[in-house]
Every structure is written in structure tokens, then in C-alpha cells.
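Undergrad:
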DNA sequence: TACGATTGTTAGTCTCACAAAACATTCTAG
DNA sequence: CTAGAATGTTTTGTGAGACTAACAATCGTA
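Chains as they are written, first to last, in our numbering: chain X, 22 to 175; chain A, 22 to 175.
(1) How far does the beta strand (DSSP E) with residue 68 of chain A in it reach, from first residue to last?
(2) Alpha carbon to alpha carbon, what distance is there between residue 84 of chain A and residue 27 of chain A?
(3) Which runs of the alpha helix (DSSP H) at least 4 residues long sit entirely within the segment 34–77 of chain X? Give them in chain order.
(4) Please list the terminal residues of the continuous alpha helix (DSSP H) segment that includes residue 125 of chain A.
(5) Taking the alpha helix (DSSP H) that residue 96 of chain X belongs to, which residues open and close that run?
(6) For residue 91 of chain X, is the classification buried or exposed, using 16 other Cβ atoms within 10 angstroms of its Cβ as the cut-off for buried?
(7) If contact means a Cβ-Cβ distance below 8 Å, which residues of the segment 110–136 of chain X contact chain A?
(8) What are the residues of the segment 94–106 of chain A that lie near chain X, defined by any Cβ-Cβ distance shorter than 8 Å?
(9) Where does residue 22 of chain X sit, in a helix, a strand or coil, going by DSSP?
(10) Here's a check: name, in chain order, each residue in its chain whose Cβ is nearer than 7 Å to the Cβ of residue 114 of chain X, leaving out the five neighbours to either side.
(11) How would you call residue 165 of chain A, buried or exposed, if buried means at least 16 neighbouring beta carbons within 10 angstroms?
(12) In this structure, how does DSSP classify residue 113 of chain A when only helix, strand and coil are distinguished?
(13) Which word fits residue 82 of chain X, buried or exposed, when buried means at least 16 other C-beta atoms lie within 10 angstroms of its C-beta?
(14) For residue 126 of chain A, is the classification buried or exposed, using 16 other Cβ atoms within 10 angstroms of its Cβ as the cut-off for buried?
(15) Just to check my reading of the structure: residue 96 of chain A and residue 29 of chain A have Cβ atoms closer than 8 Å, yes? What is that Cβ distance to the nearest angstrom?
(16) Do residue 41 of chain A and residue 32 of chain A have their CB atoms nearer than 8 Å?
(17) Measure the C-alpha to C-alpha separation of residue 87 of chain A and residue 76 of chain A and round it to an integer number of angstroms.
(18) May I ask you to report which of helix, strand or coil DSSP gives residue 104 of chain X?
(19) In whole angstroms, what separates the C-alpha of residue 137 of chain X from that of residue 57 of chain X?
(20) Based on Cα-Cα distance, which residue from X:123, X:118 and X:122 lies nearest to residue 121 of chain A?
(21) Candidates X:55, X:23 and X:89: which alpha carbon is nearest residue 73 of chain X's?
(22) For residue 132 of chain A, count the other beta carbons within 10 Å of its own beta carbon; 16 or more makes it buried, fewer makes it exposed. Which is it?
(23) Should residue 57 of chain A be counted as a contact of the ligand SAM given a C-beta to heavy atom distance under 7 Å?
(24) Within 10 angstroms of its Cβ, does residue 64 of chain X collect 16 or more other Cβ (buried), or is it exposed?
(25) Just how far apart, CA to CA, sit residue 44 of chain X and residue 93 of chain X?
(26) Assuming the contact rule is C-beta atoms closer than 8 Å, residue 98 of chain X and residue 104 of chain A should be a hit. Round their C-beta distance to whole Å, please.
(27) Do you know offhand how far residue 46 of chain X's Cα is from residue 53 of chain X's?
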């Protein structure tokens, strides 16, 4: 259901007319599924939708949609900016993950992102090292002689 | 379904007798759900289960279970070791996320984890900075004067 | 303005995952 | 060895979410 809300908000923000067909294409489902979803969301007071008409978010619906969108964006940006995942995959994964990540964990993803992006220069050096590792497989400054020491969490 | 497989593997590895009731408790579902799941997994050739009897993984089932467990562990350790999330939350979230993360993305989580754990000493300094940020809200070496410069992804 | 194309809705069905209740089997303690 | 107790299964029902086919409304254009 949240995906439907998010799609409505997304289409509206793009200036597209928010029609059943647009939503169905955006989400890759058939139109009857959209109609059913809109009826449910309408009963919950999150959207307004009159038969054969346009779709509008209520105030409450807009708030929920913003929340979902925020979750999506935090995850998507974490995947692209930190893990260096290609944009298409990141969007798809974020779309699924946004429903399985608890608020507490989302908060940490968000914090990590803020931490990375607060870094003084273009990119924290260690993140560059990570991305080199992904590309070339070289673990930076590894010490092959000293057997790996187990870390301890605070 | 994968959760059921994983639960079977987990119970077995703990030496517990793998019974319907154990599985149901491990997953927080009722026994009929377990019976139904076992019937389906049995049809797929992943478990062996005779009525009123014990549950065993087939070779194929064991392989799948290992795979699921691996996904779970990568995510769980990422959440605890990198994002510094408490173990209980991390386990729950990993359990849900393991079904929404694509193989490509899991690979990156895994790489990031390996990168962190390959670090020479106990913990990479920047990770300590992040965790301090989570705890005390201090962004290290931020430069408030210079407006944030956008990073560019390779 | 009226017909065909597009868009939208309804009705009916499917799958999946779960649960409650009733029934069946196995275990265990007298 | 037998009566509960514990465990397991079947039946039946729910709800979410999707689909197809058939029907309805609206739009665009000749």
C-alpha cells in the first residue's frame, strides 16, 4: 500500500496527471490492482479518488507519503553513495528494503550517510579505499603477516 | 519459506530435535503453518518430513539453507559491526532484509564488511568516529564554513 | 455528434501465509 | 497397559494482493 502512496506523490511531483494508468505503469501492476488499492487507501483517509477521476493525496496521505519517500531516499542514497551500487539496482533494492527496515535501523543508515557526507573533501579517504577494493579486490594496507585480529564491539 | 528452511538448519545446528513445535516457536507462528510449509518444502525436495516424525534437510535443502543463513549473517553483522545497532534489532531486521536485498547488493554489504574487518587494528578510526557521532552527535572535523561540496560517484 | 480508442471499474479467481477448531497420533507416568 | 498430556495434522476461514475477462465511462476526432 505504501508503494501506491509513494507513486502518487512521485507522479504529482513530476507534474504528471495522477491517473490510474500512470500509477499502474509506475509500479508494474495492472489497473485493477490500482483501483483496489485506491479504494483501500481512500477508506483509510489517505487519498481522494472519485470514479473515473483524478487521484489526490489528503493531508494525512501526503504526510505518510513523505515519510515513505524519506525512507526510500535514505536507503537509495546509502546504496549508491556508500556501497557504490549502480543507480537502477539501488532504486529497486531501496524500494523493497524500505518495508523491511525498522525505524531504529533506518536512523542508523541515515546517520552513516550524514557522517559520510559531512566529510570535508569530496569523499572520505577510507570510502575511496572501499570502492577501490570493490573494483580491484585490493584490501588496503592489509597485513598478511599478522594473523587477523578479531575486533571487539564497544 | 526460506525462513522455515533456515529455522530447521538453525535448530539442527543447536542439537535440538527438529520438531514442528520447535520450528513454530522459533518463527513465532502456529503449528499448522509449519505443517503446511513443510509439505510445500517437501514437494520442492528441500526437506524430508514424515507424518508425526522428525524433519530433515535434503542435500539441496541444506545448500539453500546455508545460502539463506549466509545472507542473514552478512546483513546482521553489517548492522551490528558497522552501523552499531543492538543485537536484537539487528537480528530482526536482518531476518526481514534478507528477503529484499538483491544478490548484487548483498555482495556489496559483504565487501564492505570484509573491508572493515580487514582493517589492521581493532577498528578503523573512521568507524569509531561514526559511532561517536551516533552516540554524541558530533560530526568529526566538519567544516561549517565551506558549503558542502557535492561528491561525484565514479 | 457519434463512434472508436483509451482509460477505468467490477466480478470472479488465484496464491500465499496465517490462524482457530477439531481431530489424530505419539509419548509418558501411573 | 492405559489414560491424559503433549504434539502434530486436517479442515475451514480470513485477508492481502495480484490477475483476467467483461463491462462502463470518458475522450478525441472525423
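By construction, the Cβ of each residue, glycine as well, lies at the ideal position given by its N, Cα and C atoms.
TA: Straight from the coordinates:
(1) 68–70
(2) 11 Å
(3) 41–48 and 52–64
(4) 124–138
(5) 80–98
(6) exposed
(7) 110, 111, 113, 114, 117, 118, 120, 121, 122, 123, 125, 126, 129, 130, 132, 133, 135 and 136
(8) 100, 101, 102, 103, 104, 105 and 106
(9) coil
(10) 100
(11) Per-residue confidence for residue 165 of chain A stands at a pLDDT of 42, beneath the threshold of 50, marking its modelled position as unreliable; the derived number appears in the next sentence. Result: exposed.
(12) helix
(13) buried
(14) buried
(15) Going by Cβ atoms, the distance from residue 96 of chain A to residue 29 of chain A rounds to 20 Å, so no, they are not a contact pair.
(16) no
(17) 16 Å
(18) coil
(19) 42 Å
(20) X:118
(21) X:55
(22) buried
(23) Summarising the ligand content, the structure contains no ligands, and the ligand SAM is consequently not present.
(24) exposed
(25) 17 Å
(26) At roughly 15 Å, the Cβ-Cβ gap does not stay under 8 Å, so residue 98 of chain X and residue 104 of chain A are not in contact.
(27) 12 Å
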